[in-house]
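**Student:** Below is one structure. I have some questions about it.
In UniProt numbering, the protein residues as written are 1 to 321.
And the structure:
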């Protein structure tokens, strides 16, 4: 029996690189598609993968990347400022490349499409009625995949995650916090420090995601894969203990975030998402657990320690998405 092939777009990113590792561990031949060959080789130097680089908006590249693949993962991340320009053309290009042969197409997504929650925790049955620009973009991408699934072009799987954290999960809020903590003692925290939010350690998320993709039970549905609910105070305390550093947090209210946006385009993009930082938002993962089993959970202190170790080795924060 020939070795099955899987293609991971954004395979050098925060979640993508761990999806690659899990697929490789499961015996797949993995094709990694990203913009930087150097980053792929550096982050996946110990994994035997096929490397493709280029513009994911090019259907010729995506068709080549998806050739002979039974599984396709879309885990490409863009800075917020590029969402309107790039998200839809890339999604369209990837769907064209993946169409045919009954491929499973897994969309690695966020919670933006839910909008402001009516209930907590939030299950997959919750209405998707986002009012933010980013939420509407995410929802449209999900609708594009669902339409391709309904037409029989692919077996579409939508997976919604909370905030990522972990080694090399650079496009994340937690990465910004960790990077700042390494340089300073005072952390500017968006929203109230005592409010609990949900975070998933990327290796845990990748394990759960790959298990779902390989199960044959996921097509045509949206799935929640959640992590740990933890307050800003707890996160800063944990980072401080690991660094042996007395960290303090200053809560940033919405009006201050808006003022910061006058000078920082990334902060400006965060204003409409303030609802995710001021109130509880937790995913209900009952559906996943009933069909697939428990989602792996790495203890917070261990996950943050690994994140800090990688940050010290690599440096730089890329908080954009």
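Here a beta-carbon is modelled for each residue, glycine too, at the ideal position from N, C-alpha and C.
Treat the numbers as computed from the prediction; the structure is a model and nothing was measured.
(1) Does the distance from the C-beta atom of residue 285 to that of residue 226 stay below 8 Å?
(2) Go ahead and label residue 168 buried or exposed: buried means 16 or more other beta carbons lie within 10 angstroms of its beta carbon, across all protein chains shown.
(3) Using DSSP's beta-bridge definition, name the partner residues of residue 158.
(4) Assess, as a yes-or-no matter, whether the region 172 to 192 is touched by the region 251 to 258 under the definition of 3 or more beta carbon pairs within less than 8 Å.
(5) For a quick check, are the C-beta atoms of residue 178 and residue 307 less than 8 Å apart?
(6) Just to confirm the assignment: which complete beta strand (DSSP E) runs, minimum length 3, are found wholly within the region 36 to 89?
(7) On the three-state DSSP scale, how would you describe residue 173?
(8) Relative to the C-alpha of residue 302, which residue among 134, 261, 266, 241 is closest?
(9) In whole angstroms, what is the alpha-carbon distance linking residue 318 and residue 106?
(10) With respect to the alpha helix (DSSP H) encompassing residue 163, which residues constitute its N-terminal and C-terminal limits?
(11) Take residue 158 as the anchor and find which of 183, 113, 100, 172 has the nearest alpha-carbon.
(12) First and last residue of the alpha helix (DSSP H) that includes residue 188?
(13) Quick one: using the 10 Å Cβ neighbour count with 16 as the cut-off for buried, is residue 41 buried or exposed?
(14) Using a Cβ-Cβ cutoff of less than 6 Å, which residues in the same chain neighbour residue 72 once the five nearest sequence positions on both sides are dropped?
(15) Look at the Cβ atom of residue 134, then the Cβ atom of residue 80, and state whether they are nearer than 8 Å.
**Tutor:** Reading from the atomic positions:
(1) Less than 8 Å separates the beta-carbon of residue 285 from that of residue 226.
(2) Flag for residue 168 reads buried.
(3) According to DSSP, residue 158 bridges with 107, 222.
(4) Contact holds: three or more Cβ-Cβ distances are below 8 Å.
(5) Cβ atoms of residue 178 and residue 307: closer than 8 Å.
(6) Within the region 36 to 89, the runs of beta strand (DSSP E) at least 3 residues long that lie entirely inside it are, in chain order, 50 to 53, 69 to 74.
(7) Residue 173 falls in the helix class under three-state DSSP.
(8) Taking the Cα of residue 302 as reference, the smallest distance to any Cα among 134, 261, 266, 241 is reached at 241.
(9) In this prediction, residue 318 scores a pLDDT of 46, lower than 50, which makes its location untrustworthy; no coordinate-derived value is stated.
(10) Per DSSP, residue 163 belongs to no alpha helix (DSSP H); it is in the beta strand (DSSP E), 163 to 165.
(11) When 183, 113, 100, 172 are compared, the shortest CA-CA separation from residue 158 is found for 113.
(12) Boundaries for residue 188: no alpha helix (DSSP H) harbours it, while the beta strand (DSSP E) harbouring it runs 186 to 190, taken from the DSSP string.
(13) Counting Cβ neighbours within 10 Å, residue 41 comes out exposed, since fewer than 16 surround it.
(14) Closer than 6 Å at the Cβ level, and outside the excluded window around residue 72, lie 7, 66, 98, 103, 105.
(15) The answer is yes: Cβ separation under 8 Å.
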